[in-house]
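*Asks:* Handing you a structure now.
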Amino acid sequence: MSRRHLIEACEASLKRLETDWIDLYQLHRAQADVPIDETLRALDDLIRAGKVRYIGTSMFPAWKIVEALWASKEFGLNRFVCEQMAFNLLDRTAEREVLPAARSFGIALIPWAPLCGGLLTGKYKRTDVSASGRWHGGKDNFDRKVTPEAFDVIEGLEALAAEKRCTASQLALAWVCAQPGITAPIIGPRTKEQLVDNLGAPAVEVTDEDRSRVDAFAPPLQATLRYYDAAMAIDFRPNLARW
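Residues in the sequence shown are numbered consecutively from 0, following numbering that gives the first Met the number 0.
What follows is the structure, encoded as structure tokens:
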């Protein structure tokens, strides 16, 4: 997130994409050893040069989001407009601080992993985790293991989806979409069939009763399967450098 690397990376992206500007340029994880004002000044220069239109963050702790907003206001720099965080029925950790902070300061939320890497599609069963995909064999590529409690959530999701006559993945996506402050979840279909299924999610209505039932098997603020704070390279350290 240093000035040198941000500008070099942006120029390289523009060249690869063969475009004159990037609509949304996001920082992939916070970095404690680079002062946030150095990062923001570099991004502000890219915006003023017309090479970037909007800037955002990904997996920033809530206090670092607010710190960045303060720095932008203090120094008259363009501010972050969105945060991309892990958020799904198996890990609702972001509800503790990130979601309230974003709603308080007008930050859009575009969560990644709304299906927890395919775990919430229902293709993995408590007695059979042999299906192909990220969670094949009961653990993902970061060696996170599926817990019995995670299957409690998955089975509750499947039961409610059957009642609503939709797929588990559609209901999981619809639930994320229906949460206060969420702009849009990021989907990652691998096949056309998965894409068609995902695109059916907006047609699924999530009622207040549905919310209550979901809260019963996937408790608010909790992580049934640690995904948010176990994400690779997330930086919870205090700042190591000052302005």
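Every residue gets a Cβ at the ideal spot worked out from N, C-alpha and C, and that includes glycine. Computed from a prediction, not measured in an experiment: that's the story for all the values here.
For Phe216, report the span of its alpha helix (DSSP H) as first-last.
*Replies:* As a first step, residue 216 must be located in the sequence shown, where it is residue number 217. Where Phe216 is concerned, the enclosing alpha helix (DSSP H) stretches over 207-216.
*Asks:* Determine the DSSP secondary structure at Leu119, reduced to helix, strand or coil.
*Replies:* By 1-based counting over the sequence shown, the position of residue 119 is 120. Leu119: helix per DSSP, three-state reduction.
*Asks:* In or out: Asp142 buried (at least 16 other Cβ within 10 Å) or exposed?
*Replies:* Within the sequence shown, the letter at position 143 stands for residue 142. Asp142 should be labelled exposed.
*Asks:* In three-state terms, what does DSSP make of Glu82?
*Replies:* Mapped onto the sequence shown, residue 82 falls at position 83. Note: Glu82 maps to strand in three-state DSSP.
*Asks:* Out of Tyr53, Asp32, Leu224, Leu45, which one is the CA nearest neighbour of Asn238?
*Replies:* As a working note, residue 238 is residue 239 in the sequence shown. For Asn238, the nearest C-alpha among the options comes from Asp32.
*Asks:* How should Asp139 be labelled, buried or exposed, when 16 other C-beta atoms within 10 angstroms of its C-beta is the threshold for buried?
*Replies:* Mapped onto the sequence shown, residue 139 falls at position 140. So Asp139 ends up on the buried side.
*Asks:* Got a sec? Which residues, its chain only, sit under 6 Å from Arg125 by beta carbon, not counting five neighbours each side?
*Replies:* Taking the sequence shown and counting its residues from 1, one reaches residue 125 at position 126. If we look at Arg125 and ignore the five residues flanking it on each side, its Cβ neighbours are Phe150.
*Asks:* What residue from Glu208, Gly187, Val205, Asp207 has the CA that sits closest to Leu243's CA?
*Replies:* For the chain, the structure presents residues 0 to 242; residue 243 sits outside this window and is missing.
*Asks:* Beta strand (DSSP E) containing His27: first to last residue?
*Replies:* If you number the sequence shown from 1, residue 27 lands on position 28. From DSSP, the beta strand (DSSP E) with His27 extends over 21-27.
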